[in-house]
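In our numbering, the protein residues as written are -15 to 115.
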């Protein structure tokens, strides 16, 4: 769980304290940021000449943002749980491995967005069970 993906997720962890990821504003931000990131990561991949180059970390940032979006509360424990779950899904490509075969920015971004959504789902269900 080390490397540029880990560092990108650490950056996202801290950025998420200042970027609103709740409500309509959060949804608009996440959709816009995801779309822009698909476009920019595709350009970066072409410029760097390598598929899903590890220097591209916007996918981890946006993926982590999706992992904590719209949660009823985001305590430090919830944020850390989201971090760990997101990294597990991202590293092991559970259940997202096939989408990496998409071309360009879509292939770079979608596995991380789906990893974030999977982590978010598990946290939502866990919070419901525990409440």
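Ideal Cβ positions, reconstructed from N, Cα and C, are used throughout, including at glycine.
Please check the pair residue 83 and residue 74, which I expect to be a contact at CB under 8 angstroms, by giving their CB distance rounded to whole angstroms. In fact, because the Cβ distance is near 12 angstroms, the residues do not count as touching under 8 angstroms.
What are the start and end residues of each continuous beta strand (DSSP E) run of 3 or more residues lying completely inside the region 18 to 51, in chain order? Runs of beta strand (DSSP E) with 3 or more residues, each lying fully within the region 18 to 51, are absent.
Starting from the Cα of residue 56, find the closest Cα among -11, -12, 5, -8 and give me that residue. Ranked by how close their Cα comes to the Cα of residue 56, the residues -11, -12, 5, -8 have 5 in first place.
So, with DSSP's three-state summary, where would you put residue 53? coil
For residue 68, I'd like the list of residues in its chain whose CB is within less than 7 angstroms of its CB, leaving aside the five on either flank, ordered along the chain. none
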